[in-house]
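Chemist: Got a structure for you, written out below as C-alpha cells; questions coming shortly.
Numbering (the working numbering), first residue to last: 2 to 267.
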C-alpha cells in the first residue's frame, strides 16, 4: 500500500519542491535579499509553496465532500448509525480521496524536506511540533485508509481542513509583510476563526459520534467487512483518527487563549 501511494505522491513531492525553488528564485530576481522583513527568503518561498497547495486542494476537497452522498448524510443525520457504517466503507469508494491524498502526501514530503526553512521561534515551537506530528501521522495512516478503502471518507474530510490552513498562511504573509494592524488582517483572522470553529470543531461532532456508533477499529466490523480483516495495523491506524480532533482542540484552545490575551492587553 505504501509503495503504491508513495509512487503516486513522488511526482507531487518533486513538483512542490520545485515550486518552492521557483518562488525563491523569483524573490531573488525581484531584488530581495537573503532576509525580507527579518524573515529568510527561503521561508517566504515556503509559505508561498504552502499557499499554492492549499489553493489547489481546498476547492477540490470541499467540492468532493459536497458531492459525496455518504458525507452529506453524515452531517445531515449528525453521525447516525447508517452513516456511521457507510463512513467506514460504502458500496462505492470515494475516488476523490484516492486522487487527492497522493497530492497532499507529496506536499507533506516536500514540506518536511524543507524543515530548515520553517524558521522556528520560541513561541511557535510547540505548534510546529504538533504540525510535524500531523504530517508524519498523516503520511503513515492515510495511504492505508485509501488503499484498503477503509475510513477513506474520513481522510477526505481531513483534506478539506486545508481551507483553514489557507487562511492561516495568508495571516502569516499579511503579518510578516507588516500589515498586522490592517483591516485585511482582521477580516482574514475572523474568517479563519469562524471556519476553524465550524469545520474543525463543530464539524468534528458528527464524525466522533459516527466513530462511537460504528468504531472503525472494531475487530468485529473489520471482519464483517472483509473476512480476513483489513490489514494488521488497521485497529491502530483507525484509532489515530481521533488524533486530529485532539490536535484541533489543542490548537483552538491555544488560539483562543492568545486572542483573549490580545484583547486584554488592548
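For each residue, glycine too, the CB sits at the ideal point set by N, CA and C.
Closer than 6 Å by C-beta to residue 140: which residues in its own chain qualify, once you throw out the five before and the five after it? Chain order, please.
Modeler: For this step, residue 140 is matched to residue 139 along the chain shown. 106 and 109, listed in sequence order.
Chemist: Based on DSSP bridge pairs, tell me the residues matched to residue 128.
Modeler: Within the chain shown, numbered from 1, the residue matching residue 128 stands at position 127. The partner list for residue 128 (beta bridge, DSSP) is empty, contrary to what the question assumes.
Chemist: Helix, strand or coil for residue 247, going by three-state DSSP, please let me know.
Modeler: Here residue 247 corresponds to residue number 246 of the chain shown, with the count starting at 1. The answer is helix: DSSP assigns residue 247 an H, G or I state.
Chemist: Classify residue 65: buried if its beta carbon has 16 or more other beta carbons within 10 angstroms, exposed otherwise.
Modeler: Within the chain shown, the letter at position 64 stands for residue 65. Buried: at least 16 other Cβ atoms inside 10 Å.
Chemist: Could you tell me which whole alpha helix (DSSP H) segments of length 4 or greater appear in the region 137-180?
Modeler: 153-161 and 163-177
Chemist: Between residue 144 and residue 3, which are expected to be in contact by the criterion C-beta below 8 Å, what is the C-beta distance as a whole number of angstroms?
Modeler: Residue numbering aside, residue 144 sits at position 143 when the chain shown is read from its first letter. Residue numbering aside, residue 3 sits at position 2 when the chain shown is read from its first letter. About 5 Å separates the two Cβ atoms, so the contact holds.
Chemist: In chain order, what residues of the same chain have a beta carbon less than 6 Å from the beta carbon of residue 87, not counting five sequence neighbours either side?
Modeler: In the chain shown, counting from the first residue as 1, residue 87 sits at position 86. Answer for residue 87: 71, listed in chain order.
Chemist: Between the alpha carbons of residue 29 and residue 219, how many angstroms are there, rounded?
Modeler: Translated into positions along the chain shown, residue 29 becomes position 28. Translated into positions along the chain shown, residue 219 becomes position 218. Cα to Cα, residue 29 sits roughly 54 Å from residue 219.
Chemist: Rounded to whole angstroms, what is the Cα-Cα separation between residue 172 and residue 25?
Modeler: As a working mapping, residue 172 is identified with position 171 in the chain shown. As a working mapping, residue 25 is identified with position 24 in the chain shown. Their Cα atoms are separated by approximately 20 Å.
Chemist: Mind checking whether residue 113 and residue 136 have CB atoms under 7 Å apart?
Modeler: Translated into positions along the chain shown, residue 113 becomes position 112. Translated into positions along the chain shown, residue 136 becomes position 135. A contact, by the Cβ cut-off of 7 Å.
Chemist: For residue 224, count neighbouring C-beta atoms within 10 Å of its own C-beta (all shown protein chains included) and say buried if the count is 16 or more, exposed if not.
Modeler: Here residue 224 corresponds to residue number 223 of the chain shown, with the count starting at 1. Exposed, because fewer than 16 other Cβ atoms sit within 10 Å of the Cβ of residue 224.
Chemist: For residue 82, count neighbouring C-beta atoms within 10 Å of its own C-beta (all shown protein chains included) and say buried if the count is 16 or more, exposed if not.
Modeler: Locating residue 82 in the chain shown gives position 81, where the first residue counts as 1. So residue 82 counts as exposed.
Chemist: Consult DSSP for residue 93 and reduce its assignment to one of helix, strand or coil.
Modeler: Taking the chain shown and counting its residues from 1, the one referred to as residue 93 is at position 92. Residue 93: coil per DSSP, three-state reduction.
Chemist: Hey, quick one: how far does the alpha helix (DSSP H) through residue 25 stretch, first residue to last?
Modeler: Start at 1 with the first residue of the chain shown, and residue 25 comes out as number 24. In the DSSP assignment, residue 25 falls within the unbroken alpha helix (DSSP H) covering 3-30.
Chemist: Considering Cα atoms alone, identify which of 169, 91, 117 and 154 is closest to residue 63.
Modeler: As a first step, residue 63 is located in the chain shown; it is residue number 62 there, counting from the start. Of the listed residues, the one whose Cα sits closest to residue 63 is 154.
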